[in-house]
Structure formats: C-alpha cells, structure tokens
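Peer 1: Note that my numbering has the sequence shown beginning at -16, numbered continuously upward.
If you scroll down you'll find the structure; I have some questions about it.
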Amino acid sequence: MKTIEPKGIVIHSMAQYLVNEGGKTVHARDFLASIGLSVHAFVEPDGSVVPMKPVPQKASHAGKSKWNGLEYLNSHYLGVELLVEGVHSYDSFIAKIKDPKTFTEAQYTSLANLCAEWMKEYPLISLDTVARHSDVSGVEVRPEAPKQDPGSGFNWLKFRTMLSIRELENY
Ligand SMILES: [Zn+2]
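Structure below.
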C-alpha cells in the first residue's frame, strides 16, 4: 500500500446515499469504491465518523488539484467527506450544499475533532493547509468542471474557528 506524508486535508461533501449504475441505492462509501475512488473518512449527519482508507495510505479524492504550492493533492493531503443526509442525484445534491441547514452541528464538531487529531499526529498539516475541495479544484485548476463541494452552505468561517480553538488546545 502506498502511503503519504500528510501535509494537509481536503474537505469534501457528497450524498449519504446514491443510486449506482445498476439502479441500486448504495452508501457513499460503497459508491466511491465502485468507481475506484476513496477517502480517509466520512462524517455522517449524526456526527459519526466512518473510516475508509487507513491514514496515512494514499486515497483518491482530489484528482486535479492545487494548493499551497503543491499539485495533485492525493499524494500529499488526507481527504474527508461530509455526508449530506438522504439519497441524492447530482442536482439535488448541488441544491442541498447551498443550504446552511444541510450540515449538522454534530458534523461541525466531529469534523473539527477529526482534523485536530490529524493535525496533532501530522505536524506538517496546518490551518493553512486545511482546504475545501472547491478551493483546491476550482475554476483555475479545473475550468471544465470546477468542484463546488463542500458548498456555500457549509460555514467555513465557523468550522475554521472551531478548528483554531482545538489547535490551540493541542499545544
Ligand atoms: Zn470533493
């Protein structure tokens, strides 16, 4: 298994359940696996954390991406998916992630705790290298299909404030 030296974290969002090619409704984890993608963890709407790839194995979550002087962040960054409750098509998912009510308090708390743990374990990860997928794979990097997740409904300032407090408590 290929491992990485984690230097940052990419925050994603996706539907909790999706309909696969065979018409079957599957959990995000199984959906990603079925298309050859992976992430280190999922944060369920109730705040529970579901692991996928063990850290620090390399996962396939960021694709074409660029942040803080590095490209192709799968080789450098951990990845985590916030799950949007329910079964979604691409369109219903995109509508949901613009709604501030989509992401739960439990998700903010669990995500901040998880990122703080990773920052403690891997000192190269800093507040500056915890980024949204839309930051690292936006219009400059992927003009043909810029990434929109985790979405404008995810309160980035609130999350970063929570993470800063945990980072201070770590030291
Ligand atoms: Zn993403």
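For glycine and all other residues, C-beta sits at the position ideal for the given N, C-alpha and C.
From a predicted model like this one, the values you see are computed outputs, not experimental measurements.
Any chance you could list the beta strand (DSSP E) runs of at least 3 consecutive residues sitting entirely within the region 24 to 82, in chain order?
Peer 2: For the region 24 to 82, whole beta strand (DSSP E) runs of length 3 or above, ordered along the chain, are 24 to 26, 32 to 34 and 60 to 70.
Peer 1: Under a CB-based cut-off of 9 Å, is K(-15) close to chain B?
Peer 2: Looking at the structure shown, chain B is missing, and only one protein chain is on hand.
Peer 1: Using the rule of at least 16 other Cβ atoms within 10 Å of the residue's Cβ for burial, across every protein chain shown, is I(-6) buried or exposed?
Peer 2: With 16 or more other Cβ atoms within 10 Å, it is buried.
Peer 1: Following the continuous beta strand (DSSP E) through V9, name the residue where it begins and the one where it ends.
Peer 2: Here the beta strand (DSSP E) through V9 covers T8 to H10.
Peer 1: Are there any heavy atoms of ligand 1 lying less than 8 Å away from the beta-carbon of H116, as far as the coordinates show?
Peer 2: The answer is yes for H116.
Peer 1: In angstroms with no decimal places, state the Cα-to-Cα distance between Q40 and D13.
Peer 2: Between Q40 and D13, the C-alpha separation is close to 18 Å.
Peer 1: One question on the structure: do G(-9) and I108 come within less than 9 Å of each other, judged by their Cβ atoms?
Peer 2: Yes, the pair counts as a contact, with Cβ atoms nearer than the cut-off.
Peer 1: Assuming P(-11) and W101 are in contact, meaning their beta carbons sit under 8 Å apart, how far apart are those beta carbons, in whole angstroms?
Peer 2: About 7 Å; that satisfies the 8 Å criterion.
Peer 1: Using a 10 Å radius around the Cβ and a threshold of 16 neighbouring Cβ atoms, would you call E150 buried or exposed?
Peer 2: Answer is buried; the Cβ neighbour count reaches 16.
Peer 1: Given 8 Å as the limit, is there contact between the region 125 to 135 and the region 5 to 22, that is, 3 or more CB pairs closer than that?
Peer 2: Flag = no, the region 125 to 135 and the region 5 to 22 do not touch.
Peer 1: Any heavy atom of ligand 1 closer than 8 Å to the Cβ of S(-4)?
Peer 2: Yes, since a heavy atom of ligand 1 falls inside the 8 Å radius drawn around the Cβ of S(-4).
Peer 1: Are the beta-carbon atoms of E64 and A24 separated by less than 9 Å?
Peer 2: Yes.
Peer 1: S43 and N57 look like a contact to me (Cβ under 8 Å); what is the Cβ gap, rounded to whole Å?
Peer 2: That pair is a contact at about 6 Å.
Peer 1: Drop a sphere of 10 angstroms on the beta-carbon of S72, count the other beta-carbons inside from all chains shown, and report buried for 16 or more, exposed for fewer.
Peer 2: By the 10 Å Cβ count, S72 comes out exposed.
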